[in-house]
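What follows is a single structure, written as structure tokens, with notes after it.
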Amino acid sequence: MSTPLIIIIVLAIILILMYNSLVAKKNQVENIFASVDTQLKKRYDLIPNLVASVSKYMEHEKSILEDITKLRSEANKPNISDKEKINLDAKISKALGSIMIAVENYPDLKANENVMHLQRSLNEVESQIAAARRAYNQAVTDYNNALEMIPTNIMANAMGYRPKDVFVISENERQNVNVSELFAK
Amino acid sequence: MKTISELTDFYYNTLYPVLQKLEEERKNIKKRIISVAILYTLIIFGVFFAILGHFNFEAFIYVGIFYVATLASIYRYLISDYTSDFKAKIIAPLIYEIDKNLNYLPKLHIPTTEFNHSQLFINRPDRVSGNDYVRGKIDDIEIAFSDFHAEKKYKDSKGRESWETIFQGLFIISDFHKEFHGRTIILPDTAQSLFGNLIGSWLQANNFSRNELIKMDNVAFEKEFVVYGTDQIEARYILTHTLMQKLLNYKKKTKHPIYVSFIGGKIYMAIEYNDDMFEPSIFHSLLEYKIAMKYVATLHLAIGIVEELKLNQKLWSKV
Chain A
484 MSTPLIIIIV
494 LAIILILMYN
504 SLVAKKNQVE
514 NIFASVDTQL
524 KKRYDLIPNL
534 VASVSKYMEH
544 EKSILEDITK
554 LRSEANKPNI
564 SDKEKINLDA
574 KISKALGSIM
584 IAVENYPDLK
594 ANENVMHLQR
604 SLNEVESQIA
614 AARRAYNQAV
624 TDYNNALEMI
634 PTNIMANAMG
644 YRPKDVFVIS
654 ENERQNVNVS
664 ELFAK
Chain B
2 MKTISELTDF
12 YYNTLYPVLQ
22 KLEEERKNIK
32 KRIISVAILY
42 TLIIFGVFFA
52 ILGHFNFEAF
62 IYVGIFYVAT
72 LASIYRYLIS
82 DYTSDFKAKI
92 IAPLIYEIDK
102 NLNYLPKLHI
112 PTTEFNHSQL
122 FINRPDRVSG
132 NDYVRGKIDD
142 IEIAFSDFHA
152 EKKYKDSKGR
162 ESWETIFQGL
172 FIISDFHKEF
182 HGRTIILPDT
192 AQSLFGNLIG
202 SWLQANNFSR
212 NELIKMDNVA
222 FEKEFVVYGT
232 DQIEARYILT
242 HTLMQKLLNY
252 KKKTKHPIYV
262 SFIGGKIYMA
272 IEYNDDMFEP
282 SIFHSLLEYK
292 IAMKYVATLH
302 LAIGIVEELK
312 LNQKLWSKV
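Read top to bottom, the protein sequences are chains A and B.
First residue of the first sequence? That's 484 in my numbering, and the numbers climb one at a time after it.
First residue of the second sequence? That's 2 in my numbering, and the numbers climb one at a time after it.
Here you go:
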């Protein structure tokens, strides 16, 4: 075999490997985002139940409850982009957080079996979401790295890949939710 | 749970009369061992010089091996009573002092099936040994641990057997408080510390004997450990930032390599001491602080895993 032919074959193999690794990284991101999405949906499903059980007591927090119901219906719309989903998730997390803090002000509510159960389910879903988000961020970081690093960046450019956004993980989410402390109050 | 200093107090105060008696026994045994060893060595040397010149070089190697092996079994025979005395009178009370609900079985060890089930070590052992099996419930959390020594048999081209240690140290099993379905395995990060970040992480990503590599978002944790698992999300569900920090602290406390896996609702932990723990000291005094601390701290560490990793917080779906 002649030398130029060997060089061409080696080059072709390198290109194929680069192409495949980029596709794998992109699919990994999409794959994990799908799991994030499932977890987010699980949380959205808990919202109506939560709103229904706390609205009787919460007179002053009506606006938060309305907000969160609105956010939920927005999140449930079909055809929203991943970026919008990420934004909506941040808003809903914030709203849910303030509802949970408000619950502390109502002793009846805090002792309510249903609310306690909801709180536990929410915490469970939250920790699932936190895990899914971290997995997503890692997949996106791997993908974005490949997009910016030599030599895969040239290939990625030719394939028209664009960098993706990561979830912003707030500082208090980095700590585990401690339910026993919540209940101990 | 009792603190290390409380346990040390217990060791030196409550156990003091027993310790003194054992200390006498230890001194006698030490003397006996030394005299027997000297006598035996002299006999072997006598025989050795008598047959010198009649045999070739290889025979001497066999004599050497025979000498070491018999000396070891004589040693084991001489200390066997003292060892069981020590375990019944010192180690057992220490364990019950930590928690009354624990069972102590000095002659048994963790079942081999559990060791294999942990998937911490790829090689299946051909021979296992161990002792000091402790099991029971702490805060309703099932826990078991023991000394464990797993070895694999190798044969070279000449058919000679040799045994290589897969793992020796403390093996701990406990219930885990979160529900999961896959496998998550945490190993000491040898590749990255040996070959540096770039080559090391490439090697880790291409470890065919393990599942997918899972990169964790805690720099200190990533530096110490490498994580493999069947599910990227589940691994992070188990390994929260809090738990990663706790495992790092635990690693710092043990000062030995640790292997951790999460399989079938349980946490498996192997601490590689390369030594048999909870054995009585022969050549050092039992009253020495360093010796006492070895027993107390190791027990505290093994039983403390429940509290240390907050395994008793059953908050989530698993009720």
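All C-beta atoms in this analysis are idealised placements derived from N, C-alpha and C, irrespective of residue type, glycine included.
Around A/Q611, the beta-carbon contacts reaching into chain B at under 8 Å are I234 and Y238. Contact residues of the region 211-229 of chain B toward chain A are I215, K216, M217 and D218 (C-beta to C-beta distance below 9 Å). In the three-state reduction of the DSSP assignment, B/T191 falls in the helix class. Residue environment analysis places B/G65 among the exposed positions, since fewer than 16 neighbouring C-beta atoms fall within 10 angstroms of its C-beta. Contact annotation, B/D148 with B/H178: C-beta distance approximately 26 Å; criterion of less than 8 Å not satisfied. When CB distances to chain B are screened at a threshold of 7 Å, not a single residue of the region 527-541 of chain A falls below it. For B/S81, the closest C-alpha among the options B/I34, B/F116 and B/K311 is that of B/I34. Beyond the five residues adjoining it in sequence on each side, B/K138 comes within less than 6 Å, by CB distance, of N102 in the same chain, given in chain order. Contact check for B/F122 against B/A151 passes: the beta carbons are separated by less than 8 Å.
Counting along the chain, B/T166 sits inside the beta strand (DSSP E) bounded by residues E162 to D176. Spanning the alpha carbons of B/T42 and B/I174 requires a straight line of approximately 44 Å. Using a Cβ-Cβ cut-off of 8 Å, A/I515 counts as an interface residue toward chain B, since at least one Cβ of chain B sits closer than that to its own. With at least 16 other beta carbons inside 10 angstroms of its own, A/E544 counts as buried. For A/A629, none of the residues of chain B pass the 8 Å Cβ criterion, the least Cβ distance being about 13 Å. Taking the C-beta atoms as reference points, A/I612 is found nearer than 8 Å to A/Q522.
In the three-state scheme derived from DSSP, where H, G and I count as helix and E and B as strand, B/R125 is classed as coil. B/T241 sits in coil when the DSSP states are folded into three classes, being neither helix nor strand. Sequence-distant Cβ neighbours of B/D190 in its own chain, meaning closer than 7 Å and more than five residues away, are K224, E225, F226 and V227.
Beta bridge pairing from DSSP links B/M270 with B/I173 and B/V261. Across the set B/Y17, B/N275 and B/N212, the C-alpha of B/N212 shows the shortest separation from the C-alpha of B/Q120.
Residue nearest to B/D10 within the set B/V297, B/L302 and B/F172 is B/V297 (criterion: CA-CA distance). Chain order gives no chain B residues near A/Q602, where near means a beta carbon separation below 8 Å; the closest approach is about 10 Å. Between the beta-carbon of A/V537 and that of A/L592 there is about 6 Å, and that keeps the pair under the 8 Å contact cut. Taking a beta-carbon distance threshold of 8 Å, A/A618 counts as an interface residue toward chain B. The Cβ atoms of B/R128 and B/K154 sit closer than 8 Å to each other.
For B/Q314, the closest C-alpha among the options B/L244, B/G265, B/P258 and B/F46 is that of B/L244.
When the five nearest sequence neighbours on each side are left out, the beta carbons in the same chain lying within less than 6 Å of the beta carbon of B/T113 are those of V129, in order along the chain. If you ignore the 5 residues before and after A/L533, its C-beta comes within less than 6 Å of the C-beta of L601, all in its own chain and listed in chain order.
Residue pairing from DSSP places B/E152 in a beta bridge opposite B/R128 and B/T166.
In terms of beta-carbon proximity, A/A614 lines the interface with chain B, with at least one pair separated by less than 8 Å. For A/I633, the secondary structure class from DSSP, reduced to helix, strand or coil, is coil. Excluding residues up to 5 positions away in sequence, K3, L8 and F11 lie with their Cβ nearer than 7 Å to the Cβ of B/E98 in the same chain. With a threshold of 8 Å between beta carbons, A/S504 makes no contact with chain B. Distance from the CA atom of A/N503 to the CA atom of A/A629, rounded to whole angstroms, is 12 Å. Counting only unbroken stretches of 4 or more residues, the alpha helix (DSSP H) elements lying wholly within the region 558-606 of chain A are 565-586 and 590-594, in sequence order.
In this chain, the beta strand (DSSP E) harbouring B/V228 covers F226 to G230.
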